[in-house]
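Residue numbers (mature numbering (1 follows the signal peptide of the UniProt record, and there is no 0)): -29 to -1, 1 to 86. Heads up, the beta-carbon is just placed ideally off N, CA and C, and yes, glycines get one too. Treat the numbers as computed from the prediction; the structure is a model and nothing was measured.
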Amino acid sequence: METLRRSEFIALASSAAASLGLGAGAARAADYPTRPVELAVPSSAGGGTDAVARAFAEAAKRHSPQPLVVLNRPGASGAIGVGEVLNAAGRLQGGRGGRGTRHPAAPEPGPLLGR
């Protein structure tokens, strides 16, 4: 039996945790997504959260025709990163924004997040 390296385990655990909030939608065409996927990380580059996001992006290369691009959005205790997701609706491919997103740093969309 193969043993998982720590980075692979972290990437696997992160993807499992991230998938908990996703619904089971209709099957998509094989050519989706059509452009790179952006992953907003509400912390600065070089930290633990950034390392996990980059490990996840590396692991995702095997499963996606498009790269996963890590966008670091530090500041305001994570509110800037949450705002990036909430205001991304115009850039999404076939999905919706983070309208129902709840985060301790920004529990309700408001002027701080551009809503």
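Buried versus exposed call for Ala11 [16 or more other C-beta atoms within 10 Å across all chains shown]: With a threshold of 16 other beta carbon atoms within 10 Å, Ala11 meets it and is buried.
Span separating the alpha-carbon of Ser(-23) from that of Asn58: Going by the C-alpha atoms only, they are around 30 angstroms apart.
Endpoints, the alpha helix (DSSP H) within which Ala26 is located: Per DSSP, Ala26 belongs to the alpha helix (DSSP H) from Gly19 to Ala31.
Euclidean distance between Cα positions of Ser15 and Asn43: Cα to Cα, Ser15 sits roughly 6 angstroms from Asn43.
8 angstroms contact criterion, which residue 87 and Ala28 should meet: CB distance rounded: Examination of residue 87 is not possible in this model, given that the chain is present from -29 through 86 alone.
Sequence-distant residues of the same chain with beta carbon closer than 6 angstroms to Ile(-20), five excluded per side: Contacts found: Val23 and Ala26.
Under the three-state DSSP convention, the category Ala11 falls into: Strand.
First and last residue of the uninterrupted beta strand (DSSP E) at Asn58: Asn58 -> no beta strand (DSSP E), and no H or E assigned at all.
Inter-residue spacing [alpha-carbon to alpha-carbon] between Asp21 and Pro4: When rounded, the distance between both Cα atoms is 23 angstroms.
Between the CA atoms of Gly52 and Gly17 - distance to the nearest angstrom: Counting only the Cα atoms, Gly52 lies some 16 angstroms from Gly17.
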